[in-house]
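A.B. asks: One structure is given below, represented as structure tokens, and several questions about it will come after.
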Amino acid sequence: MIAIGMEGSANKLGIGIMLHPKDGSPPQVLANIRHTYVSPPGEGFLPKDTARHHRSWVVKLVKQALKEAKVSVDDVDCICFTKGPGMGAPLQSVVVAARMLSLLWGKELVGVNHCVGHIEMGRLITGATNPVVLYVSGGNTQVIAYSSQRYRIFGETLDMAVGNCLDRFARTLHISNDPAPGYNIEQLAKQGTQLVDLPYVVKGMDCSFSGILAAIDGLAKHWGLGGEEKAREDIMQTADVKAAVDSSDSTPTRADLCFSLQETVFSMLVEITERAMAHVGSKQVLIVGGVGSNERLQEMMGIMARDRGGSVYATDERFCIDNGIMIAQAGMLAYGTGFRTPLSESTCTQRFRTDEVFVKWRD
Amino acid sequence: MGEYHPPPLPSPFNNTSPPPTLLTQGAEAHLYKTTSLDPSIPAALKIRPSKPYRHPTLDRRLTRQRIIQEARCLAKLVREGVSVPALLAIDWAGHGGEEGGWGGAWLMMEWIEGSVVRVVLEKWEAWMKDQTLDAASVEKEEKRVRGLLRQMGAAIGVLHKAGVVHGDLTTSNLMLRPFGTEVVEDDGNPSMEGDVVLIDFGLASQSSQDEDRAVDLYVLERAIGSTHPRSEPMFEELILGYRNSYKGAVSALKRLEDVRMRGRKRSMLG
Numbered sequence: 001m002i003a004i005g006m007e008g009s010a011n012k013l014g015i016g017i018m019l020h021p022k023d024g025s026p027p028q029v030l031a032n033i034r035h036t037y038v039s040p041p042g043e044g045f046l047p048k049d050t051a052r053h054h055r056s057w058v059v060k061l062v063k064q065a066l067k068e069a070k071v072s073v074d075d076v077d078c079i080c081f082t083k084g085p086g087m088g089a090p091l092q093s094v095v096v097a098a099r100m101l102s103l104l105w106g107k108e109l110v111g112v113n114h115c116v117g118h119i120e121m122g123r124l125i126t127g128a129t130n131p132v133v134l135y136v137s138g139g140n141t142q143v144i145a146y147s148s149q150r151y152r153i154f155g156e157t158l159d160m161a162v163g164n165c166l167d168r169f170a171r172t173l174h175i176s177n178d179p180a181p182g183y184n185i186e187q188l189a190k191q192g193t194q195l196v197d198l199p200y201v202v203k204g205m206d207c208s209f210s211g212i213l214a215a216i217d218g219l220a221k222h223w224g225l226g227g228e229e230k231a232r233e234d235i236m237q238t239a240d241v242k243a244a245v246d247s248s249d250s251t252p253t254r255a256d257l258c259f260s261l262q263e264t265v266f267s268m269l270v271e272i273t274e275r276a277m278a279h280v281g282s283k284q285v286l287i288v289g290g291v292g293s294n295e296r297l298q299e300m301m302g303i304m305a306r307d308r309g310g311s312v313y314a315t316d317e318r319f320c321i322d323n324g325i326m327i328a329q330a331g332m333l334a335y336g337t338g339f340r341t342p343l344s345e346s347t348c349t350q351r352f353r354t355d356e357v358f359v360k361w362r363d
Numbered sequence: 001m002g003e004y005h006p007p008p009l010p011s012p013f014n015n016t017s018p019p020p021t022l023l024t025q026g027a028e029a030h031l032y033k034t035t036s037l038d039p040s041i042p043a044a045l046k047i048r049p050s051k052p053y054r055h056p057t058l059d060r061r062l063t064r065q066r067i068i069q070e071a072r073c074l075a076k077l078v079r080e081g082v083s084v085p086a087l088l089a090i091d092w093a094g095h096g097g098e099e100g101g102w103g104g105a106w107l108m109m110e111w112i113e114g115s116v117v118r119v120v121l122e123k124w125e126a127w128m129k130d131q132t133l134d135a136a137s138v139e140k141e142e143k144r145v146r147g148l149l150r151q152m153g154a155a156i157g158v159l160h161k162a163g164v165v166h167g168d169l170t171t172s173n174l175m176l177r178p179f180g181t182e183v184v185e186d187d188g189n190p191s192m193e194g195d196v197v198l199i200d201f202g203l204a205s206q207s208s209q210d211e212d213r214a215v216d217l218y219v220l221e222r223a224i225g226s227t228h229p230r231s232e233p234m235f236e237e238l239i240l241g242y243r244n245s246y247k248g249a250v251s252a253l254k255r256l257e258d259v260r261m262r263g264r265k266r267s268m269l270g
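From first to last, the protein sequence lines are chains E and C. So in the UniProt record's numbering the end of the first sequence lands on 363, straight run, no missing numbers. So in the UniProt record's numbering the end of the second sequence lands on 270, straight run, no missing numbers.
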């Protein structure tokens, strides 16, 4: 069975092709292509611009994916697309493309929940059997565990997603959005040494980030560290010059703020994950979503899991960050159980909770 | 991966006889059973080891803040007559808080007999699954659970009335202490007779705001939904028990409606 997965719920357009061999051997990735819409420093990606990006790239990417996978249209069994959650306009532009391909080629459609896509891809790549899942990205922050055919949400953010918090602080500091704002924060944070006090907001298994963002934005303003000017200085200065400045002076630097933000929000994430693990009695953790590719988060989660006698499963940016194969993977699992999305129901939705999906393919 | 070893015990507990026995490793703390003053008096020892994944500064700040907060809440609740374990001793800074110290903190509390409500409900749900009961027996069984939920609601009400919110209400943090002697279970169907005792005030705080109270109830509602699907439909009984327990309950429950409808938790379908 071969499936094409089409993902475009945020600023990444991903087309992936997966093969589930008939003999039951492990699924194979035939193609995994992604094109990202990058906005200028200091700005986020707007739905209309992102949708325009997806519209202009989707055909190219599908052609390229088919070529790379060395499969013809006849080999394809189904077309999987992201039904939600995500930003409305980008989702719509991809679903229109999926519908078009379905009619053009006479293939069936499978609508996939984006979060379930992440979980299924993470399970496939890492081989984790029944982990507690921390799903952290620019739009979602959830702690999930499987129980009786649902991926149940044990904890989640009460306001903004953790990735959104990092991205927006990157905007405050005018850090580049290429390849991703979170990635550049991570690099800058490596030079940070001083921990500034930030709010730490955990409520049971839930957490909140908006107050932290407001606090750190306030600090950046107070110390005059935001804006374009400072960003330029960042690029000019070399790392050792900065280190010399650090030791002579106790006011926080841009790097210190990035460092403190990461330390604080990641501690919160590890804490709620640990609480969920203790609650369900699991020893495996799987980190998925774009923020999951942050090495500091992976390291902290690893220490926590080790101290509980367990282990952490994480993937690299190819599978962590939004991609098409995860949609193909989750879509094919559903397709295998007879699930189809008729053309008349091939809509998308901005709100689509993880626990709404009936997980027929697991027991 | 390797076998799990709990961190070494802080002094003086590394030198007591009999040694403390590890009961559970929670997310935040290790719970041991030990004795206080006399070997015949059991006590619960809660140790918050330092968390090596956190930045040391942040770790010390959180550990210290939380153990003191917990002790203050327990002390206050015991004074107010709420059924919680009494506070016996505390070390909030580990070895006097020296830089080279142990970094963790501990709290010793009164020992509570019985089991947590999670276990009671799980046993009951498992037992129900194996039975083929007629409608009348099912109703009788569910009545017992309703009674327990109502009692839980009342216990939470008394807690809120005393001006404390729990912050992490799950069925693992509510205990059922049997009246008098141990009740013998027949065929795995658990007894639901007893006092509901609230435990683990690690995330508790002093607050009388409807918002905090409502979030407490909401957290519990979702915890029951995700761990005890069979008992979830009876949650309204808990609300009923809560409503009748103190005067401010009505406005807290009104707020609960808002919390349920709020933000990203809300499903936009239909």
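Note that CB positions come from ideal geometry on N, CA and C, so glycine has one too.
My parser needs the alpha helix (DSSP H) runs of 4 or more residues fully inside the segment 125–200 of chain E; what are they?
C.D. replies: For the segment 125–200 of chain E, whole alpha helix (DSSP H) runs of length 4 or above, ordered along the chain, are 162–172 and 181–189.
A.B. asks: Have a look at Leu198 of chain E and Glu236 of chain C and give me their C-alpha separation to the nearest angstrom.
C.D. replies: Rounded to the nearest angstrom, the two C-alpha atoms are 38 Å apart.
A.B. asks: Can you name the residues that DSSP bridges to Phe339 of chain E?
C.D. replies: According to DSSP, Phe339 of chain E bridges with nothing at all.
A.B. asks: Less than 8 Å between the CB atoms is what I'm expecting for Met205 of chain E and Gly155 of chain E, so what's the real figure, rounded?
C.D. replies: About 3 Å separates the two Cβ atoms, so the contact holds.
A.B. asks: Measure the beta-carbon distance from Thr132 of chain C to Thr171 of chain C and round it to whole angstroms, keeping in mind my assumption that it falls under 8 Å.
C.D. replies: Wrong, their Cβ atoms sit about 26 Å apart, outside the cutoff.
A.B. asks: Closest Cβ-Cβ distance between Ala278 of chain E and chain C: below 8 Å?
C.D. replies: Closer than 8 Å to some Cβ of chain C, the Cβ of Ala278 of chain E qualifies, so yes.
A.B. asks: Round the Cβ separation of Ser231 of chain C and Ile224 of chain C to the nearest angstrom and send it over; I've been treating them as touching at under 8 Å.
C.D. replies: Right, their Cβ atoms sit about 6 Å apart.
A.B. asks: Counting only runs that start and end within the segment 78–136 of chain C, where is the alpha helix (DSSP H) found for 4 or more residues in a row?
C.D. replies: The segment 78–136 of chain C contains these whole alpha helix (DSSP H) runs: 117–130.
A.B. asks: List the whole-angstrom C-beta distance separating Ala305 of chain E from Gly117 of chain E, where the pair is believed to meet the contact cut-off of C-beta under 8 Å.
C.D. replies: At roughly 24 Å, the Cβ-Cβ gap does not stay under 8 Å, so Ala305 of chain E and Gly117 of chain E are not in contact.
A.B. asks: With three or more C-beta pairs closer than 8 Å as the rule, is the segment 4–16 of chain E touching the segment 82–100 of chain E?
C.D. replies: The segment 82–100 of chain E vs the segment 4–16 of chain E: in contact.
A.B. asks: Between the segment 4–22 of chain C and the segment 107–115 of chain E, do at least 3 Cβ pairs fall closer than 8 Å?
C.D. replies: Segments in contact, no.
A.B. asks: Out of E:Val202, E:Leu104, E:Val288 and E:Thr337, which one is the CA nearest neighbour of Asp159 of chain E?
C.D. replies: The candidate whose alpha carbon is nearest that of Asp159 of chain E is E:Val202.
A.B. asks: Please confirm if Ser148 of chain E has its CB atom under 8 Å from at least one CB of chain B.
C.D. replies: Annotation note: the requested chain B is absent from the structure, which comprises protein chains E and C.
A.B. asks: Hey, out of C:Lys51, C:Asp210 and C:Lys247, whose CA is closest to Glu257 of chain C's CA?
C.D. replies: For Glu257 of chain C, the nearest C-alpha among the options comes from C:Asp210.
A.B. asks: Under 8 Å between beta-carbons, which chain E residues line up against His55 of chain C? List them in chain order, please.
C.D. replies: Leu195, Glu263 and Ser267, listed in chain order.
A.B. asks: Among C:Gln206, C:Asn173, C:Met234 and C:Gly248, which one has its Cα closest to the Cα of Ala27 of chain C?
C.D. replies: It is C:Asn173.
A.B. asks: Just checking my contact of Leu286 of chain E with Ala128 of chain E at CB under 8 Å: how many whole Å lie between their CB atoms?
C.D. replies: Sure, about 5 Å apart at Cβ, within 8 Å.
A.B. asks: With DSSP as the reference, please indicate the residues paired to Gly111 of chain E in a beta bridge.
C.D. replies: Answer is E:Phe81.
A.B. asks: Using a Cβ distance threshold of 8 Å, determine whether the segment 64–83 of chain C contacts the segment 116–130 of chain C, with at least three qualifying pairs required.
C.D. replies: As far as the Cβ criterion goes, the segment 64–83 of chain C does not touch the segment 116–130 of chain C, which means the pair count is below three.
A.B. asks: Please identify the residue among C:Gln25, C:Ser40, C:Pro52 and C:Ile90 whose C-alpha is closest to the C-alpha of Thr263 of chain E.
C.D. replies: Correcting the residue type first, residue 263 of chain E is Glu in the shown sequence and not Thr. Nearest of C:Gln25, C:Ser40, C:Pro52 and C:Ile90 to Glu263 of chain E, Cα basis: C:Pro52.
A.B. asks: Which residues bound the alpha helix (DSSP H) around Asp258 of chain C?
C.D. replies: Per DSSP, Asp258 of chain C belongs to the alpha helix (DSSP H) from Ala249 to Met261.
A.B. asks: Is the beta carbon of Val145 of chain C closer than 8 Å to that of Pro190 of chain C?
C.D. replies: For Pro190 of chain C and Val145 of chain C, no; Cβs fall outside 8 Å.
A.B. asks: Spell out a yes or no on whether the segment 284–302 of chain E and the segment 68–82 of chain E are touching, meaning 3 or more CB-CB pairs, one atom from each, closer than 8 Å.
C.D. replies: Because the criterion of three Cβ pairs below 8 Å is not met, the segment 284–302 of chain E and the segment 68–82 of chain E do not touch.
A.B. asks: State whether the segment 313–332 of chain E contacts the segment 27–41 of chain E, with contact taken as three or more CB pairs (one from each stretch) at a distance under 8 Å.
C.D. replies: They touch, by the three-pair rule.
A.B. asks: Give me the residue from C:Lys46, C:His55 and C:Pro56 with the minimum Cα distance to Ile68 of chain C.
C.D. replies: Answer by Cα proximity: C:Lys46.
A.B. asks: Would a check of beta-carbon distances place Asp195 of chain C closer than 8 Å to chain E?
C.D. replies: Not an interface residue.
A.B. asks: So with CB distances below 9 Å, who are the chain C contacts of Val270 of chain E?
C.D. replies: Neighbours of Val270 of chain E on chain C, chain order: Lys51, Tyr53 and Arg54.
A.B. asks: Just the chain C side, please: which residues come within less than 7 Å of Tyr200 of chain E by C-beta, in chain order?
C.D. replies: Within chain C, the residues near Tyr200 of chain E are Leu62.
A.B. asks: My output table needs one value for Arg177 of chain C: the three-state DSSP class, helix, strand or coil.
C.D. replies: Arg177 of chain C falls in the strand class under three-state DSSP.
A.B. asks: Can the beta-carbon of Gln194 of chain E be found closer than 8 Å to that of Asp256 of chain E?
C.D. replies: Closer than 8 Å, so yes.
A.B. asks: With 16 as the cutoff for other CB atoms within 10 Å, does Ile15 of chain E come out buried or exposed?
C.D. replies: Burial call: buried.
A.B. asks: Determine, for Arg254 of chain E, whether the minimum Cβ-Cβ distance to residues of chain C falls below 8 Å.
C.D. replies: Answer no: the Cβ-Cβ gap between Arg254 of chain E and chain C never drops below 8 Å.
A.B. asks: Which stretch, first to last residue, makes up the beta strand (DSSP E) that contains Ile33 of chain E?
C.D. replies: That run of the beta strand (DSSP E) goes Gln28 to Thr36.
A.B. asks: Any C-beta of chain E sitting closer than 8 Å to the C-beta of Ala252 of chain C?
C.D. replies: No, its Cβ sits nowhere closer than 8 Å to a Cβ of chain E.
A.B. asks: Who are the near neighbours of Arg275 of chain E in its chain, counting only those whose CB is closer than 6 Å to its CB and skipping five residues on each side?
C.D. replies: Hits under 6 Å: Met205.
A.B. asks: Spatial neighbours of Ile125 of chain E within its chain, please: C-beta separation below 6 Å, excluding the five flanking residues on both sides.
C.D. replies: Excluding sequence neighbours, Ile125 of chain E sits near Thr315 and Phe319.
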